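Have a look at the structure below before the remarks.
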Amino acid sequence: MDLTVEAEAFGSTINLPEHEVPTVTERLVSDAEAVDNLKVPGLDAGRIQEYLLAARLAAQNITDKPVFAGCIGPISLAGRLFDMTELMTSLYIEPDVIEKLLEKCTEFIIKYIRAFKDTGVSGIIIAEPAAGLLSEDMCDEFSSKYIHQIVAQLQDETFMIILHNCGNKGHLTKSMVSTGAQGLHFGNAINMVDALAEIPSGVIAMGNLDPVNVFKMMNPGQLYSSTTELLQKTREYTNFVISLGCDTPPNVPIANIDAFYQAITDFNTLQN
């Protein structure tokens, strides 16, 4: 995931190191006036067109499985534009300013996802990690409400929206469900069985093996066992899809990835 693309389109300065994840180097807006004057960018800004091209090429050439695009969520984008620490404070002392910023972020994200939808991809994964910092009520108000707007406008029988919140420790599952997203993706901070108990059977739930401590640090045998253990714990839930809890770290051994898929194959073979 590159969660700087949308912020760059708004005008943020981005650091692009060769071997690390891109980062926003400084806040773009800092007060009500700056938020009022902030322009919602077009789709020709920054690297937006490159990501749309990549999605179009993938959708055209990968025909044996679904292809999903990815983008950032509203509160996570707002945090990159306003600074996350400052935003958390402003949610309490000037929430109207942050709501105006969220409206602009959501307007752009809807436009961006609609362009992804036009490329022919099967859906999109919206990464909203900053929502994990919020209480349930605040998540409802400052994240899920806006995700619901996105879902209402863009999700249909041919285009699936998956909401990823790796910061949810169990307190935000109901809020995630309220968005109406057809898929919910969880990080390793949550108990996956507890989460599944709160999710309707018609919603796909995904997660949540630890990307670092399991995928990167374990040997193939240990990873195979961890994968099998999670599959056993969740076996009664037909809406569960096993995956990592977040994006795959650099330099994960290929043997570990092979062990992950082998564990799934062996488990499914035994079930059948």
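Quick note on numbering: the sequence shown equals residues 860 to 1131 in this note's numbering.
Every residue gets a Cβ at the ideal spot worked out from N, C-alpha and C, and that includes glycine.
In this text, all values refer to a predicted model and were calculated from it rather than measured experimentally.
Counting only the Cα atoms, K898 lies some 36 Å from G1066. For C930, the secondary structure class from DSSP, reduced to helix, strand or coil, is strand. Listed in chain order, the non-local C-beta contacts of R1094 below 8 Å within the same chain comprise Q1130, local neighbours out to five positions each way being set aside.
Judged by beta-carbon spacing, T863 lies within the 8 Å limit of P881, meaning their Cβ atoms are closer than that value. Annotated three-state conformation of T882 is strand, per DSSP. T965 places its beta carbon less than 8 Å from that of P933.
Judged by DSSP in its simplified three-state form, L1103 adopts strand. Listed as beta-bridge partners of G982 by DSSP are F927, M1019. Two segments are said to touch when three or more pairs of C-beta atoms, one from each, lie closer than 8 Å; by this definition the segment 899-915 touches the segment 977-985. Rounded to the nearest angstrom, the gap between the Cα atoms of L1031 and M860 is 22 Å. Closest in C-alpha terms to A986, from the list T1086, V1062, N896, A1040, comes A1040.
In the three-state scheme derived from DSSP, where H, G and I count as helix and E and B as strand, L1043 is classed as strand.
The beta carbon of Q1012 sits closer than 7 Å to those of I969, all from its chain and outside the five residues before and after it, given in chain order. Contact annotation, I1006 with L1022: C-beta distance approximately 6 Å; criterion of less than 8 Å satisfied. If you ignore the 5 residues before and after N1115, its C-beta comes within less than 8 Å of the C-beta of F1074, K1075, M1077, N1078, P1079, L1082, all in its own chain and listed in chain order. By the CB criterion at 8 Å, L1090 and L1068 fall outside the cutoff.
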